[in-house]
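J.:
2 protein chains.
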Amino acid sequence: MSIASTPPPPYYAVIFSSLRTEGDNEAYGQMAQRMVELAKQQPGYLGHESVRDGLGITVSYWKDLPSIKAWKQVTDHLEAQRLGREKWYKQFKTRICLVERDYGMEH
Amino acid sequence: MSIASTPPPPYYAVIFSSLRTEGDNEAYGQMAQRMVELAKQQPGYLGHESVRDGLGITVSYWKDLPSIKAWKQVTDHLEAQRLGREKWYKQFKTRICLVERDYGMEH
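Order-wise, the sequence lines are chains A and B. For the first sequence, my numbering assigns the number 89 to the last residue and increments by one with no breaks. For the second sequence, my numbering assigns the number 89 to the last residue and increments by one with no breaks.
1. Starting from residue 11 of chain A, follow the beta strand (DSSP E) in both directions and report where the run begins and ends.
2. Decide if residue 17 of chain B is buried, meaning its Cβ has at least 16 other Cβ atoms within 10 Å, or exposed.
3. Span of the alpha helix (DSSP H) holding residue 57 of chain A?
4. Who are residue 40 of chain B's beta bridge partners in DSSP?
5. With a cut-off of 8 Å on the beta carbons, I'd call residue -5 of chain A and residue 34 of chain B a contact; round off their distance for me.
6. Going along chain B, which residues have a C-beta under 9 Å from residue 73 of chain A?
7. For residue 41 of chain A, which residues from the same chain have a beta carbon less than 8 Å from its beta carbon, with the 5 sequence-adjacent residues on both sides left out?
8. Output the boundary residues of the beta strand (DSSP E) element that contains residue 72 of chain B.
9. For residue 48 of chain B, report the span of its alpha helix (DSSP H) as first-last.
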């Protein structure tokens, strides 16, 4: 996993923080992978970063709010969201954010 | 690590994504822990979430932009930032974000 290469702000970030339920790791992993592939095909997708070690943090980056709303309504994604609520997550929080400024460093 | 309990939006998020250099794990871990303790004491601090598995993502939540700017200038934090640039990070990106909306679930 690498740091997403995003255009100059403003753009949007969706911070998805989650705690998994026990088990079902294979089905979950497959769905997570499918959702990444599907997200990459959406208009306005700019990149994503994802890490889990107990707590999971996935940040996806988007051009604007309409892109985020459209992605939320993609049929296969709706199904993944339903399974997430019903089976896979003990707790989650989604935060929709306007990225106003960014800076970084690369050696 | 748990999901940060934050007040209703609007508030700010600082997404810090990083890739570590090799080694020096003990000194780095101690400094990271000290910075968490110090951040918690700052005015406007609302919470944080942090995960590393190769890529590291730390999100800290703040009341407003002045709180973020003040935290960036705290003396011990300036020293940590210097060491981060010089020794500890191969690459990092910091994104300053206005959280406009959030929602979640808890079973």
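All C-beta atoms in this analysis are idealised placements derived from N, C-alpha and C, irrespective of residue type, glycine included. Every value quoted in this text rests on a predicted model; they were computed, and no experiment measured them.
T.: Straight from the coordinates:
1. Stepping through the first sequence from its first residue, residue 11 of chain A is reached at position 29. Unbroken run through residue 11 of chain A is the alpha helix (DSSP H), 7 to 22; no beta strand (DSSP E).
2. Taking the first residue of the second sequence as 1, we reach residue 17 of chain B at position 35. Burial call: buried.
3. The residue you call residue 57 of chain A lines up with position 75 of the first sequence. It spans 57 to 65 - the alpha helix (DSSP H) in which residue 57 of chain A sits, taken as one unbroken run.
4. Indexing the second sequence from 1 puts residue 40 of chain B at position 58. According to DSSP, residue 40 of chain B bridges with B:-2 and B:32.
5. Position 13 of the first sequence holds residue -5 of chain A. Position 52 of the second sequence holds residue 34 of chain B. Actually they do not touch by this definition, with Cβ atoms about 19 Å apart.
6. Taking the first residue of the first sequence as 1, we reach residue 73 of chain A at position 91. Correct list: -16, -15, 86, 87, 88 and 89.
7. Looking up residue 41 of chain A in the first sequence gives position 59. Closer than 8 Å at Cβ, skipping near neighbours: -14, -5, -4, -3, -2, 30, 31 and 32.
8. Within the second sequence, numbered from 1, the residue matching residue 72 of chain B stands at position 90. Start and end: 71 to 88.
9. Working through the second sequence from its first residue, we reach residue 48 of chain B at position 66. Per DSSP, residue 48 of chain B belongs to the alpha helix (DSSP H) from 47 to 54.
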